[in-house]
Amino acid sequence: MALEVAQPPTTQTPRKAQLRRVTAIDGLRGLAVLSVVFYHFFGAIAPGGFLGVDMFFVLSGFLITSLLLREYAVNSHIDLRLFWLRRARRILPAAIVVLIVGTAMAGLVGGDPAVGLKAQFIGTLGFVNNWVQIAGSESYFADFGVQIFAHYWSLAVEEQFYVLFPLLAVVLLRRSRAALIVSSAGLCCASYAAMQILYSPELDPTRVYYGTDTHSFGLLIGVLLACFTTSTTADPHSNSWPVTHARYAPALGLAGLIGLVALVCFTPDTSAFTYRAGLLTASVFSMLLLYSILHQQGPAHALLNMLPMRWLGKISFSLYLWHWPVFVIITAINQHPVLSIITLIVSVSLAHFSYTWIETPIRRHGYRQTWKTLHTKPKLVLSTTAIIAITAAGVAITQSPRETTLEQQLKKLSAAATTLTAVPAEPANVVKLNPGPHPLPDSATLTAIGDSVMLASTDALKRRYPQMHIDAEVSRNIDAAPDILRNLKTKNVLDPIVILGFGTNAELDLKALETIMAILGPDRIAILVTPFGDRPWIPKSHDNIRIAHTQYPNLYIADWCTKAHTNPTALHNDKIHPTESGAEKYTEAITHALMQWANHRNPKNPTCKGTQQ
Numbered sequence: 001m002a003l004e005v006a007q008p009p010t011t012q013t014p015r016k017a018q019l020r021r022v023t024a025i026d027g028l029r030g031l032a033v034l035s036v037v038f039y040h041f042f043g044a045i046a047p048g049g050f051l052g053v054d055m056f057f058v059l060s061g062f063l064i065t066s067l068l069l070r071e072y073a074v075n076s077h078i079d080l081r082l083f084w085l086r087r088a089r090r091i092l093p094a095a096i097v098v099l100i101v102g103t104a105m106a107g108l109v110g111g112d113p114a115v116g117l118k119a120q121f122i123g124t125l126g127f128v129n130n131w132v133q134i135a136g137s138e139s140y141f142a143d144f145g146v147q148i149f150a151h152y153w154s155l156a157v158e159e160q161f162y163v164l165f166p167l168l169a170v171v172l173l174r175r176s177r178a179a180l181i182v183s184s185a186g187l188c189c190a191s192y193a194a195m196q197i198l199y200s201p202e203l204d205p206t207r208v209y210y211g212t213d214t215h216s217f218g219l220l221i222g223v224l225l226a227c228f229t230t231s232t233t234a235d236p237h238s239n240s241w242p243v244t245h246a247r248y249a250p251a252l253g254l255a256g257l258i259g260l261v262a263l264v265c266f267t268p269d270t271s272a273f274t275y276r277a278g279l280l281t282a283s284v285f286s287m288l289l290l291y292s293i294l295h296q297q298g299p300a301h302a303l304l305n306m307l308p309m310r311w312l313g314k315i316s317f318s319l320y321l322w323h324w325p326v327f328v329i330i331t332a333i334n335q336h337p338v339l340s341i342i343t344l345i346v347s348v349s350l351a352h353f354s355y356t357w358i359e360t361p362i363r364r365h366g367y368r369q370t371w372k373t374l375h376t377k378p379k380l381v382l383s384t385t386a387i388i389a390i391t392a393a394g395v396a397i398t399q400s401p402r403e404t405t406l407e408q409q410l411k412k413l414s415a416a417a418t419t420l421t422a423v424p425a426e427p428a429n430v431v432k433l434n435p436g437p438h439p440l441p442d443s444a445t446l447t448a449i450g451d452s453v454m455l456a457s458t459d460a461l462k463r464r465y466p467q468m469h470i471d472a473e474v475s476r477n478i479d480a481a482p483d484i485l486r487n488l489k490t491k492n493v494l495d496p497i498v499i500l501g502f503g504t505n506a507e508l509d510l511k512a513l514e515t516i517m518a519i520l521g522p523d524r525i526a527i528l529v530t531p532f533g534d535r536p537w538i539p540k541s542h543d544n545i546r547i548a549h550t551q552y553p554n555l556y557i558a559d560w561c562t563k564a565h566t567n568p569t570a571l572h573n574d575k576i577h578p579t580e581s582g583a584e585k586y587t588e589a590i591t592h593a594l595m596q597w598a599n600h601r602n603p604k605n606p607t608c609k610g611t612q613q
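If you count by the UniProt record's numbering, then the sequence shown holds residues 1 to 613, one letter each, in order.
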């Protein structure tokens with residue numbers, strides 16, 4: 001009897017599930033990246049261009065989930081290792097090249113772009129950039145200067161999603177697709193609810209905007225669209241997104257496109273609407289537009305399927321990565337308005353090069369095969385360039401300054417702050433309002449209390465009013481003023497005229513103003529400086545100033561806000577703190593208010609012509 005040789009068990013090779021090629025999806029990517037780039041380069045045209053990130057989120061959630069669903073439908077399982085490898089091939093090459101080159105260039109330029117490079121580099125390399133920035137925002141100085149890798153926050157959110165969501169999908173799909181839908185819908189609602197709970201118009205919105213927990217609802221809306229549109233058939237060559245309800249698709253797509261364009265053109269980045277409804281609305285509009293694109297019909301599809309939009313979409317990832325470091329470096333050298341156009345040209349050129357020679361070869365062939373296809377000379381050039389760039393980046397990180405120029409200036413001014421000295425008792429008689437005009441007050445009769453904006457103006461104030469007593473600190477808000485004033489009054493060193501410069505760090509609320517005016521009494525004069533900036537509480541502060549101004553005849557307004565708005569060179573890059581010329585304008589605003597007092601003129605309902613909102 002012949003012996004039978006045992007055959008090894010055969011294993012079925014997993015079949016690769018295909019997604020239908022929809023070229024207009026590239027057009028949607030193009031719209032998203034164009035929105036973001038215009039927001040950064042030409043903010044007046046696209047104040048809501050930051051919503052392009054939410055378009056990316058919806059699209060990413062949709063495509064990733066579609067891939068996972070098709071693989072599970074075809075093979076009854078998901079190869080997570082292969083999934084993560086494909087993500088690494090898609091994202092890491094360009095992301096790491098920009099990280100290294102951007103770090104090296106920041107080191108060469110020096111100054112503010114090089115501040116904090118170590119934390120930025122490590123956080124970006126570990127795809128936790130968003131959490132690093134959230135931690136940094138706890139410090140007052142997180143708002144100063146420009147972080148060259150600030151835009152990597154969204155990439156970090158997506159990468160964290162790519163790691164966690166497939167694990168959840170593998171578990172839930174073993175039960176049913178319905179389980180994935182219910183869980184995703186619940187997480188989407190939870191993410192949006194977390195944003196609503198944590199958001200406060202009186203606080204900096206960084207935490208809720210950058211947080212993976214609070215800003216994942218766009219990704220999850222994309223997940224839900226994929227769950228409802230992706231085919232469940234086991235045939236790997238079947239249509240991944242079968243056309244359903246096609247008659248409504250063109251109208252939905254047009255509504256989504258018009259809605260997105262309107263939001264991009266008119267949504268302020270710090271308004272309460274943005275966080276209460278704007279981000280969610282943009283995500284829903286993106287979902288409607290994407291749903292329409294899948295049907296490949298209608299005016300929205302036709303617009304996004306145009307060649308320029310599709311080309312922008314293909315280079316969108318590299319363009320997103322390159323545009324911000326290029327902008328930071330060029331504006332650090334010179335801030336001429338025409339440089340925005342030059343920056344755009346340079347960014348697009350680098351993005352095209354990156355897409356053609358870095359992204360595409362590695363995505364198609366992998367790291368090893370791409371390296372093997374290179375000839376000896378290109379390998380030598382590439383290796384030498386990489387060594388130089390990595391070395392330069394390492395040097396930049398080790399020599400990175402800890403403080404921006406503005407931080408250094410404020411610390412120096414704070415250390416040199418004048419100590420208040422005693423003034424004669426009963427000073428109220430000095431400023432009692434007598435009939436007729438009189439000269440400007442002596443600088444020895446002026447006390448100024450404020451935040452870092454006033455601190456940055458100290459030198460200019462001292463040149464104009466040498467004996468003025470100035471008490472200004474960073475991170476100070478109006479709530480600190482009553483205790484300071486009480487202390488000065490108790491020590492009999494509170495001058496007849498008190499200048500208040502607050503509003504940078506928190507709202508100028510009416511209760512605090514009421515307390516301050518009660519401490520000063522009717523015989524002292526208060527000069528209140530109008531704040532300027534893109535903080536969400538600034539408009540409400542101006543409303544409160546107008547109300548208080550009608551209630552207290554001894555309250556005068558120094559309109560720094562209008563001067564800051566009408567003099568672009570008056571502000572540092574943070575668009576809040578005055579430059580040397582801006583400090584002169586700050587002083588002029590106070591002088592104008594003192595002249596109004598001296599001439600017994602106190603016009604009511606002052607209006608700041610240029611509040612950033």
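Even for Gly, the Cβ is constructed at its ideal location relative to N, Cα and C.
Remember, it's a predicted structure, so these values are computed and weren't measured experimentally.
Residue i and residue j closer than 7 Å at C-beta
i, j, result
"Gly136", "Asn129", "no"
"residue 625", "Lys585", "Residue 625 falls outside the range modelled here, since the chain spans only 1 to 613, and no answer is possible."
"Ala512", "Tyr556", "no"
"Ile78", "Val22", "no"
"Ile390", "Ile96", "no"
"Thr103", "Ala393", "yes"
"Ala32", "Tyr39", "no"
Length of the line joining the Cα atoms of residue i and residue j
i, j, result
"Asn573", "Phe532", "14 Å"
"Leu312", "Leu68", "26 Å"
"Val243", "Ile545", "57 Å"
"Asn602", "Ile527", "11 Å"
"Gln196", "Ala179", "26 Å"
"Leu155", "Ala94", "12 Å"
"Ile497", "Gly186", "58 Å"
"Glu403", "Asn505", "19 Å"
"Val453", "His577", "5 Å"
"Tyr152", "His323", "11 Å"
"Val529", "Gly278", "32 Å"
"Ala480", "Asp534", "22 Å"
DSSP state of residue i mapped onto helix, strand, coil
i, result
"Val338", "coil"
"Thr212", "coil"
"Leu494", "coil"
"Ile315", "coil"
"Ala526", "strand"
"Tyr291", "helix"
"Glu4", "With a pLDDT of only 42 at Glu4, under 50, the local geometry of the prediction cannot be trusted, and the value read off the model is given with reservation. It is coil, neither helix nor strand."
"Asp26", "helix"
"Ala262", "helix"
"Val430", "Residue placement at Val430 cannot be trusted, given a pLDDT of 43 that sits under 50; the coordinates are not used to answer."
"His237", "coil"
"Leu280", "helix"
"Tyr556", "strand"
"Thr578", "Residue identity check: residue 578 is Pro in the sequence provided, not Thr. If DSSP states are grouped into helix, strand and coil, Pro578 belongs with the strands."
"Glu138", "Model confidence at Glu138 stands at a pLDDT of 44, short of 50, so the residue's coordinates are unreliable and nothing is read from them."
"Asp471", "strand"
"Thr447", "strand"
Of the residues the options, the one placed nearest residue i, counting alpha carbons only
i, options, result
"Val395", "Thr23, Ala178, Phe121", "Phe121"
"Ile342", "Phe41, Leu28, Thr23", "Phe41"
"Gly61", "Leu225, His549, Ala179, Ser581", "Leu225"
"Ser292", "Ser318, Ala246, Thr281, Phe327", "Ala246"
"Ala272", "Ile315, His301, Pro201, Tyr210", "Pro201"
"His352", "Val171, Gly503, Leu321", "Leu321"
"Cys227", "Ser216, Leu500, Trp241", "Trp241"
"Ala234", "Gln335, Ser76, Val98", "Ser76"
"Trp84", "Arg368, Leu494, Phe165, Ser216", "Phe165"
Cutoff 6 Å; reference residue i; Cβ partners in own chain excluding five residues on either side
i, result
"Phe285", "Gly256, Gly259, Leu260"
"Ala17", "Arg70, Glu71, Val74, Pro236"
"Gly218", "Asp54, Phe57, Val58, Ser283"
Same chain, Cβ closer than 7 Å to residue i, neighbours up to 5 away in sequence not counted
i, result
"Thr400", "The residue asked about is misnamed: residue 400 is Ser in this sequence, not Thr. Result list for Ser400: Ala114, Val115, Gly116, Leu117, Lys118, in chain order."
"Leu173", "Tyr72, Leu180"
"Pro522", "Asn554"
Neighbourhood of residue i by C-beta, 8 Å cutoff - its chain only, sequence neighbours within 5 removed
i, result
"Asn567", "Ser581, Gly582, Lys585"
"Val326", "Thr343, Val346, Ser347, Leu350"
"Leu198", "Arg207, Val208, Gly211, Thr214"
Proximity test, Cβ basis, 7 Å: residue i and chain D
i, result
"Val264", "Of the chains in the structure shown, none is chain D; there is only one protein chain."
Proximity test, residue i beta-carbon vs the ligand MG heavy atom, cut-off 6 Å
i, result
"Asp509", "The ligand content of the structure shown is nil, which means the ligand MG is not present either."
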